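*Asks:* Residues 3 to 1031, numbered by the working numbering, are exactly what the sequence shown covers, in order.
All C-beta atoms, glycine included, are put in the ideal place defined by N, C-alpha and C.
Quick caveat: nothing in here was measured; it's all calculated off a predicted structure.
If you scroll down you'll find the structure; I have some questions about it.
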Amino acid sequence: MISLNCFVFCHILYIILSYIHMSAVLICNISKEIYGNIVIKEMTVPLFFYFLGGRGDNGSPIIVFPEFPAFGEITDGEFHNVLTYLTSVPSLSSTGVGFILVIDRRQDRWAAVKGTLLRIAGSFPGNLQLVLILRPTTLLQRTLSDILFKFNKDEFKMKVPVIMLSSITELHSYIDRSQLTQELGGTQEYCHEKWISHRTAIEGFALMVKKTAQTLQSFGTELAETELPNEIQATTILLSTHTNKKDKMKEDLLVALGQGSRLLESINEPVVRDPDHNMNQDELENLATVQRLLSQLDETERAFDEFWVRHQTKLEQCLQLRHFEHNYREVSWKLALLDQVSEKLATFSEVGISPAHADHILCELTTYEERVVSSLAHEGDELIQNSHYAEDSIQPKCSELRSINEDVSSNLRAKKDHLLKAMELHHCLERASKWVDDGIYLLASQPVDKCQSHEGAELALKELERYLDNSGQNQLTDLSTIWSDYEAVLNQQFRDQVEKVFQKQSSMQEMFDKRRVSLKKLAAKQTRPVQPVAPRPEFVLSVPYHGGFSSQGNGQLQNGDSNSRHASLSEEEENLAVLRRHVMNELLETERAYVEELLCVLQGYASEMDSAAMAHLIPAPLQNKKEVLFGNMSEIYHFHERTFLRELEQYTDCPELVGRCFLERMTDLQIYEKYCHNKPRSESLWRQCSDCAFFQECQKKLEHKLGLDSYLLKPVQRITKYQLLLKEMLKYSKSCEGADDLQEALTAILGILKAVNDSMHLIAITGYEGNMSELGKLLMQGSFSVWTEHKKGHAKVKDLARFKPMQRHLFLHEKALLFCKRREENGEGYEKAPSYSFKQSLNMSAVGITENAKGDNKKFEIWCNSREEVYIVQAQTAEVKTTWVNEIRKVLTTQLEACRGTERGCSLKSITKCWNKASLSLDASEEHDGYSSAEDPLNSDPEDDNGKKLCAGKYTVMADYEKGAQELSVKSGDMVQLVKEGDDGQWFVRNLSSSKEGWIAAANLITLIGKSKSCQSLTSSGIQTNNPK
């Protein structure tokens, strides 16, 4: 095998060397690649001469020196480099004939002709056959050229003919027109940029071919000189290493072949475009060179593939040999192992501490039995069949292996029967334990207050009887039966486990008996007439009892009932404690699962986005978008894993106090707001890339049934789950020490959820040009039906669409109220979130509110500019309206208190001056209902106990009022202005219609408007307004 492999290697090496030789010839023909690249870069700037590609009659290459006024400025080094490169481009056979130089100086002077000839004579690196000069065409320069050329001919030291030509026609007598460009009267098409492009591509291809050949040679030498290892791991590593290098070599070959094919297509492009096109000699030589290189690459690739197949076969056979030798050496070790296994089975008595543990042991023994059979008996047969080793030494060992294997199998079957019996008892205990737990939960879930009635007691009693009747196989029989049936598998640990379950079952049955007795008494007592008592709040019985039961209004209850209720109280406390533990267990278990799921996502998806091995699977839209896709999930994970979960576990024994944990970490839990704000962007990115191979590969590795989008939703679901668990815990802890903390934590969590929900709507507003952060905190948001009314003078103008309300979404901030129009929802998931177009805003410092409008308990009014603009707002329900009205009143109250604080620091004079600036109005129309309330802080000032508080401004009289002594007569609709406040509740006012002044009883005015509700608002100056109905 080795000699054959060496022969193949020598063959491939010969091909490689030939390949290198051909590449070297090519490199030699087109000059060194580095040097050539430098020259080509120089030629792309000044076109002072070029290689036409045409040929003379005897095949001489033609180099043209075109018109170039700055020829004299070219340095000697640059001139020499470019000329040397051009003379190396044609084939050796063409350059041997000699070059024909065509120098075009028709638009130049004799000095330029002379300078060109001197440079060529001193620097031309190749053989010259003929020099043709198109002399200057002007009369003076042409005459000078003829005369001076004859006198200076010897100075040029040219060994070849130098011919002065007067016209292009004379040039055509020396060179055929088909070999000249159009500038020289020929027909050949020449593009200097295209020629440069082809030369650059050919040289780059030749360089790649050379490097590939060198790499192949080095790799072949390495394979030939590699010694085969004597170990399995080393052989495996060597095979993997050589395979990886082979794959890299194949990639290089394919890249080289691809580049050569593209270059060949580029050279053939004129022929493909025009089948009648005739290539010049230079193009034909380029075509032949590239074809020769491609042919050699193809041949080399085939030879390399044949060589690799043989080398790979050799390495695989070596690996098989090493495995065989290793297995053979293990036979003696396994013979000793069988003796140890037999001894172990003789003393084996493990039955497992649980069904899962016992099942695991059973599977392990079964697997071991199969392993013994497959790895010992069958391996012996395989060794005998293998002709690499002597059968005489293997046969006796195989017989011994079969005999020992039969003994081991017999012992294993006995132990399997033993374990099956243990598993049977394990399952019985498991069913009994679950039946007991369910029974305790049933006792705890029966509300004691509902059992006080005759029907409730009977229903609860039937529920208990039904549960006991359905016990079936779940209930354990007496212990003596268990001891006798499972004596073979019972060890001390197993006995303790059985006794523990049996004792738990007995305790549960005793609790059932007590509950049944209590329920029967309650059901029997309800047959006597009982005086009605006040309703009892839910879970009031959960308060610890410290004495005889008594309560106002239920003195008819007898002492027997009090004792029964006292027993119920203790039992109810136990039940509630069980329920609290259930809720706490669910909180902790779901929290641990949540942390594990977050870690799984971060490691299985987020980290893989930074993996170089997975980079090729990530689509362009997903690249560098990890922060968009996962948001701050990493921050959430670290908070829960390092802090929150550990602190929750400290409340395992006192679940009713877990609210404190939430309160202490409420600030940290606000990180969910950032995650929820990013969720729309994350879901949009997911929808764009959900079908990409990267996500599919990650899901496959993690063995997840659900996609990543389901796990990205986990944080949103988790923050929502907390409020449900806190509600459940609070339900069972109302009389406990931590009830207030639970209620506060629940309120705070709901606040976070509301803030998240509100802000998600807020970021969807479009068209608002201001800075929303300047509007203050977002307090509420919701959709309403809105009508508008505008007052011009004493007339009211209603919108044309008065009876068709506008649908508006309102956003209440601390400083402004925004009116927006809700747009249609498009897309799916978070992309289906609505958008809002901004319509207008009202400054909260300039609005007022009327609680009831049009007698509709779902409508209220928001108005400004002394009711010149009125917005009638209809909520979906009366409760929503009440909530909004209360919230707006809080904002107005806060502003009013701030204004009052400012006013207290001002003098009476400054206050009087500002009266004329504030306009407070009341509408005489009964169309708008206001509101007032004794609980309203705006109407309950300590200084206003006996009369109406002085408020500067203008008022509209709402009813006729006939004057008394020293009083002013007013009529409904008159506009009056408050001047000063007098004694005994009198106000001195000025009638703005008649300019008369006088006193009006403030008490009468209050009496006049006291029967109706009032509308209170804050003007832009912060002064309170009371609008009577």
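Using DSSP bridges, identify the partner residues of Leu2.
*Replies:* Since the first and last residues shown for the chain are 3 and 1031, residue 2 lies out of range.
*Asks:* What do you get for Asp106, buried or exposed, if any count of 16 or more other CB atoms within 10 angstroms of its CB means buried?
*Replies:* It counts as buried.
*Asks:* With a threshold of 7 Å on Cβ separation, who are the neighbours of Gly128 within its own chain once the five nearest residues in sequence on each side are excluded?
*Replies:* Closer than 7 Å at Cβ, skipping near neighbours: Thr89, Thr97 and Phe101.
*Asks:* Answer yes if the stretch 606–620 comes into contact with the stretch 655–662, meaning at least three C-beta pairs across the two stretches below 8 Å, and no otherwise.
*Replies:* Counting Cβ pairs under 8 Å, fewer than three are found: no touch.
*Asks:* Under a Cβ-count criterion, where at least 16 other Cβ atoms within 10 Å of its own Cβ denotes burial, should His194 be classed as buried or exposed?
*Replies:* Label assigned to His194: exposed.
*Asks:* If contacts are defined as beta-carbon pairs under 8 Å, then Leu431 and Gln499 qualify, I think. What distance do you get, rounded to the angstrom?
*Replies:* Their Cβ separation, rounded to whole angstroms, is 6 Å, which keeps Leu431 and Gln499 in contact under 8 Å.
*Asks:* Rounded to a whole number of angstroms, what is the C-alpha to C-alpha distance between Ala203 and Gly58?
*Replies:* Each residue's Cα considered, the two are about 27 Å apart.
*Asks:* If you reduce the DSSP assignment to three classes, tell me which class Phe70 lands in.
*Replies:* Coil at Phe70, not helix or strand.
*Asks:* Alpha carbon to alpha carbon, how far is Asn2 from Leu132?
*Replies:* As displayed, the chain neither begins before 3 nor continues past 1031, which places residue 2 out of reach and without an answer.
*Asks:* Among Thr228, Pro449 and Ser473, which one has its Cα closest to the Cα of Thr243?
*Replies:* Checking every option, the nearest Cα to that of Thr243 belongs to Thr228.
*Asks:* From the DSSP output, in three-state form, read off Ile76 for me.
*Replies:* Note: Ile76 maps to coil in three-state DSSP.
*Asks:* Taking just the CA atoms, how far does Thr223 sit from Val311?
*Replies:* So the two alpha carbons sit approximately 16 Å from each other.
*Asks:* Using the C-alpha atoms, what's the distance from Lys212 back to Phe221?
*Replies:* Their backbone Cα atoms lie some 14 Å apart in a straight line.
*Asks:* Given a cut-off of 7 Å on the beta-carbon distance, is the pair Ser125 and His82 in contact?
*Replies:* In this structure, His82 lies closer than 7 Å to Ser125 by Cβ.
*Asks:* Can you give me the C-alpha to C-alpha distance between Leu854 and Lys861, rounded to a whole angstrom?
*Replies:* Looking at the sequence itself, residue 854 is Asn, so the reference to Leu does not match. Looking at the two C-alpha atoms, the distance is approximately 6 Å.
*Asks:* In angstroms with no decimal places, state the Cα-to-Cα distance between Gly74 and Thr139.
*Replies:* So the two alpha carbons sit approximately 20 Å from each other.
*Asks:* Tell me, to the nearest whole angstrom, how far the beta carbon of Ala757 is from that of Glu637; I am working on the premise that it is less than 8 Å.
*Replies:* Between Glu637 and Ala757 the Cβ distance is about 18 Å, and since that is not below 8 Å, they are no contact.
*Asks:* CA-CA distance, Val162 and Ala123?
*Replies:* Approximately 10 Å, taken between the alpha carbons.
*Asks:* Classify His815 as helix, strand or coil using the three-state DSSP reduction.
*Replies:* Strand, per DSSP.
*Asks:* Look at the Cβ atom of Leu714, then the Cβ atom of Gly606, and state whether they are nearer than 7 Å.
*Replies:* Contact: no.
*Asks:* From Ala424 to Val491, what does the alpha carbon distance come to, in whole angstroms?
*Replies:* Those two C-alpha atoms are separated by around 6 Å.
*Asks:* Quick check on Pro623: buried or exposed, where buried means 16 or more other Cβ atoms within 10 Å of its Cβ?
*Replies:* Exposed, since its Cβ has fewer than 16 Cβ neighbours within 10 Å.
*Asks:* Looking at Leu650: is its Cβ nearer than 7 Å to the Cβ of Val597?
*Replies:* For Leu650 and Val597, no; Cβs fall outside 7 Å.
*Asks:* Measuring alpha carbon to alpha carbon, tell me which of Ser180, Gln216, Leu296 and Leu321 ends up nearest His279.
*Replies:* Nearest option by C-alpha distance: Ser180.
*Asks:* I need the straight-line Cα distance from Tyr87 to Gly187, nearest angstrom please.
*Replies:* Cα to Cα, the separation comes out at about 26 Å.
*Asks:* Starting from the Cα of Asn773, find the closest Cα among Arg810, Asn232, Lys806 and Leu820 and give me that residue.
*Replies:* Nearest of Arg810, Asn232, Lys806 and Leu820 to Asn773, Cα basis: Leu820.
*Asks:* Does the stretch 774–783 come within contact of the stretch 679–699, defined as at least 3 CB pairs closer than 8 Å?
*Replies:* The stretch 774–783 is not in contact with the stretch 679–699.
*Asks:* Quick one: give me the first and last residue of the alpha helix (DSSP H) that Thr243 is part of.
*Replies:* Unbroken alpha helix (DSSP H) run through Thr243: Ile234 to Arg275.
*Asks:* For Leu820, which of helix, strand or coil comes out of DSSP?
*Replies:* Here Leu820 sits in strand by DSSP.
*Asks:* Taking the alpha-carbon of Gln109 as reference, which of Pro71, Ser62 and Leu130 has the nearest alpha-carbon?
*Replies:* Among Pro71, Ser62 and Leu130, the Cα nearest to that of Gln109 belongs to Pro71.
*Asks:* Buried or exposed for Tyr677, going by 16 or more other Cβ atoms inside 10 Å?
*Replies:* So Tyr677 ends up on the buried side.
*Asks:* Kindly list the residues whose CB is nearer than 8 Å to the CB of Arg594, restricted to its own chain and excluding five residues on each side of it in sequence; keep chain order.
*Replies:* Same-chain partners within the cutoff: Leu647.
*Asks:* Secondary structure at His279, three-state DSSP: helix, strand or coil?
*Replies:* Three-state DSSP puts His279 in coil, outside helix and strand.
*Asks:* Identify which residue in Lys736, Asp276, Lys681 and Leu744 has its Cα closest to the Cα of Leu665.
*Replies:* It is Leu744 whose Cα lies nearest to the Cα of Leu665.
*Asks:* Looking only at its own chain, which residues have a Cβ that is under 6 Å from the Cβ of Pro939, when we skip the five neighbours before and after it?
*Replies:* Interpretation of Pro939 is limited by its pLDDT of 33, a score under 50 that renders its predicted location unreliable; no figure is taken from the coordinates.
*Asks:* Go through the stretch 704–749 residue by residue and report every complete run of the alpha helix (DSSP H) that reaches 4 residues or more, in order.
*Replies:* Counting whole runs of 4 or more residues, the stretch 704–749 contains the alpha helix (DSSP H) stretches 710–714 and 716–733.
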